[in-house]
Amino acid sequence: MSRIFEYCDLGKIDYQEAWDLQKSIFDLRTKNEIEDILFLLEHPHTYTLGKVADKNNLVYNKQELEEKEITVFDIDRGGDITYHGPGQIVGYPIIDLKNWKQDTHLYLRNLEEVLVRTCADYGLSTGRKEKYTGVWVEERKICAIGIKVSRWITMHGFAFNVNTDLNLFNGIIPCGINDKEVTSLKKELKREFDLGEVKDNIIKHFKDIFGYDEYRIMNREQLLTHV
């Protein structure tokens, strides 16, 4: 039987709305009422803290957060603190690993590989770092990854800095790592990128790396009929 996933571009969406949507789709996936799905999207300025995050890694105080219109969420993924915002492609795969491989470590490595290959499409050499998740350009992190897996269904995912304003990382110690920088496709290659084109490349590599035969595009309106 062929393996299929749905792809939905949510555009720009508030973090809370996207999180609620993830939870609804997760519940449907556990009941096998929907196919695997990949969301790609952008968030407004947001900091998220994972289950093991150190609150001290949030540098900005309440006034600074309000002035910069940054919202903060404590969430149920792994990892520490990270930033989401315009120009960053966020990916939330909600997939059943029982239909692929029941291996969380391999799932993380494959997510990284999706972004490694996407960067390679633009001539940027990236890789992994021992002891750290994510995708790196030498000592600079270009993509953060934090996931949740329950009953072998995945949630949360990756945050890929494409045209991201990196100044917003000044308000945190990204991922709790204080001796490493963050970077973006724009910073490394000195130009702006079309996010739609980058998303197309991500989808292509996601399909190939996770062994899907095909995918179907689902628009936001179609998605909402399920929830």
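Take any residue in the sequence shown, note its place counting from 1, add 10, and you have its number in our numbering.
Note that CB positions come from ideal geometry on N, CA and C, so glycine has one too.
Remember, it's a predicted structure, so these values are computed and weren't measured experimentally.
Comparing alpha-carbon positions, the option among S160, V159, G167 lying closest to C153 turns out to be G167. I163 and K111 have their C-alpha atoms some 11 angstroms from each other.
One alpha carbon belongs to K65, the other to E191, and they sit about 19 angstroms apart.
Look at S34 here: in three-state DSSP terms it is helix. In the three-state scheme derived from DSSP, where H, G and I count as helix and E and B as strand, L134 is classed as coil. Taking C-alpha positions only, D37 is separated from W29 by approximately 13 angstroms. Taking C-beta atoms as the reference points, V172 and I227 fail to come closer than 9 angstroms.
Measuring C-alpha to C-alpha distances from V237 to each of I35, Q26, E27 identifies I35 as the nearest. By the 16-neighbour rule on beta-carbons within 10 angstroms, V69 is exposed.
With fewer than 16 other Cβ atoms inside 10 Å of its own Cβ, D223 counts as exposed. For N171, the enclosing beta strand (DSSP E) starts and ends at 163-171.
Of all alpha-carbon atoms in E207, G221, K196, T58, the one lying nearest the alpha-carbon of I155 is that of T58.
Under the three-state reduction of DSSP output, E77 falls in the helix class.
Exposure of A130 is indicated by the presence of fewer than 16 other C-beta atoms within 10 angstroms of its C-beta. Linking K72 to T143 through their CA atoms gives a straight-line distance of about 29 angstroms. Boundaries of the alpha helix (DSSP H) around I212: 205-219. A residue is called buried when at least 16 other Cβ atoms come within 10 angstroms of its Cβ; Q232 does not meet this threshold and is exposed. Nearest to H115 by C-alpha distance, out of N188, S194, H53, K158, is K158. DSSP places R150 in the strand class (E or B) of the three-state scheme.
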